[in-house]
Amino acid sequence: MRTALLQSSGSPGSTVENLKVLDEAAGRAAAAGAGLLVTSEMFLTGYAIGDDIGRLAEPADGDCADAVAEIATAHGLAIAYGYPERAGDAVFNSAQLISADGTRLANHRKTHLFGCFERDHFTPGDQPVVQAEIDGLRVGILICYDVEFPENVRAHALAGTDLLVVPTAQMHPFQFVAESVIPVRAFENQMYVAYVNRVGREGEFEFVGLSTLAGPDGVARTRAGRGEELVLADADPAFLAASREANPYLLDRRPGLYGSLA
Numbered sequence: 001m002r003t004a005l006l007q008s009s010g011s012p013g014s015t016v017e018n019l020k021v022l023d024e025a026a027g028r029a030a031a032a033g034a035g036l037l038v039t040s041e042m043f044l045t046g047y048a049i050g051d052d053i054g055r056l057a058e059p060a061d062g063d064c065a066d067a068v069a070e071i072a073t074a075h076g077l078a079i080a081y082g083y084p085e086r087a088g089d090a091v092f093n094s095a096q097l098i099s100a101d102g103t104r105l106a107n108h109r110k111t112h113l114f115g116c117f118e119r120d121h122f123t124p125g126d127q128p129v130v131q132a133e134i135d136g137l138r139v140g141i142l143i144c145y146d147v148e149f150p151e152n153v154r155a156h157a158l159a160g161t162d163l164l165v166v167p168t169a170q171m172h173p174f175q176f177v178a179e180s181v182i183p184v185r186a187f188e189n190q191m192y193v194a195y196v197n198r199v200g201r202e203g204e205f206e207f208v209g210l211s212t213l214a215g216p217d218g219v220a221r222t223r224a225g226r227g228e229e230l231v232l233a234d235a236d237p238a239f240l241a242a243s244r245e246a247n248p249y250l251l252d253r254r255p256g257l258y259g260s261l262a
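Under the UniProt record's numbering, the first residue of the sequence shown carries the number 1, and numbering increases by one thereafter.
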């Protein structure tokens, strides 16, 4: 499945403008043969927007979800996007996957919040594995800091995730995560990982870009630079199956030795 990574910070504070950016990118991605478009963390609203997070937060089935579904349907591709989710009195840092026919397939609430900013504005989620099927691939979702915990990614591997999409807001000086950690996560768990970042300065943060789709061989299929960019790469089920046969990490595990990890 051709996967498009939308490396963009959009227009922080404006869901209207960010939906326009998404619509334009979806058109370009579909024209290039993509079946899935993935955005950065908190793409619909912006990341460093302070108390506007609470003001702009919406339910998973809110107006913005409807708007994204219309974009997905218009261009004939699935979309995974980051947004602040309102659920009762709680606000979650979430990412939702919508199919090419506009169906809401999966919604992940970030389980590991990074730093005081996130802990001040969000409630942590408690479901580590969220998945859906797209074009014969089992697609899982994590968000940014989540992927830096090997237990999270291994849980996805054990649950059969083929392509892990990770909307992120990776900031300076942690660019080694995009450059080194993500390819290792893909290799050690025998999956594709699509890691999609924000760019530029936003509030107190400087986002480093470097979005990538890494394969189960640990090789980046595509890598963006430091600016606004749409890059594409393929997640190949046949290559994934062959790689898993050649690198049987999951089969060679000895879970009885790992009890102390929990």
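Ideal Cβ placement from N, Cα and C applies to all residues, glycine included.
query: Please report the distance separating the alpha-carbon of residue 91 from that of residue 61.; result: 14 Å
query: Thinking C-alpha only, which one of 113, 89, 127, 144 is nearest residue 43?; result: 144
query: When the Cα of residue 146 is compared with those of 105, 158, 246, 126, which residue comes out closest?; result: 126
query: Quick check on the burial criterion: 16 or more other C-beta atoms within 10 angstroms. Buried or exposed for residue 176?; result: exposed
query: Could you check if residue 227 is buried or exposed, using at least 16 other CB atoms within 10 Å of its CB as the buried criterion?; result: exposed
query: Using the beta-carbon count (16 or more within 10 Å), is residue 156 buried or exposed?; result: buried
query: Let me know the secondary structure DSSP gives residue 108 once reduced to three states.; result: strand
query: Would you check whether the ligand NAD has a heavy atom nearer than 7 Å to the C-beta of residue 17?; result: Absent from the structure shown: the ligand NAD. Ligands present: none.
query: Taking the Cβ atom as the reference point for each residue, do residue 166 and residue 130 lie within a distance shorter than 8 Å?; result: no
query: Determine the burial state of residue 46: buried for a count of at least 16 other Cβ atoms within 10 Å of its Cβ, exposed for fewer.; result: buried
query: Are the beta-carbon atoms of residue 80 and residue 59 separated by less than 8 Å?; result: no
query: Go ahead and pull the three-state DSSP assignment for residue 92.; result: strand
query: What residue from 140, 195, 257 has the CA that sits closest to residue 41's CA?; result: 195
query: Applying the 10 Å Cβ sphere with the 16-neighbour rule, what's the burial state of residue 211?; result: buried
query: Using CA atoms only, rank isn't needed, just tell me which of 244, 178, 254, 215 is closest to residue 225.; result: 178
query: If you follow the alpha helix (DSSP H) that residue 239 is part of, which residue opens it and which one closes it?; result: 237–246
query: What number of angstroms, rounded off, separates the C-alpha of residue 253 from the C-alpha of residue 172?; result: 35 Å
query: Do residue 48 and residue 37 have their C-beta atoms closer together than 8 Å?; result: no
query: Please name the residue, chosen from 31, 257, 18, that lies closest to residue 231 on a Cα-to-Cα basis.; result: 31
query: If you count every other CB in all the chains shown that lies within 10 Å of the CB of residue 154, and 16 or more means buried, which is it?; result: buried
query: Report yes if the C-beta distance between residue 77 and residue 132 is below 8 Å; otherwise report no.; result: no
query: Of the choices 16, 247, 123, 229, whose alpha-carbon is the least far from that of residue 216?; result: 247
query: For residue 49, which of helix, strand or coil comes out of DSSP?; result: coil
query: So is residue 5 buried or exposed if we call it buried at 16+ other beta carbons inside 10 Å?; result: buried
query: What is the DSSP secondary structure of residue 221, reduced to helix, strand or coil?; result: strand
query: Starting from the C-beta of residue 149, find all residues in its chain whose C-beta is less than 8 Å away, skip the five residues before and the five after it, and write them out in chain order.; result: 112
query: DSSP on residue 233, reduced to helix/strand/coil?; result: strand
query: Count the other CB atoms within 10 Å of the CB of residue 115; is the residue buried (16 or more) or exposed (fewer)?; result: exposed
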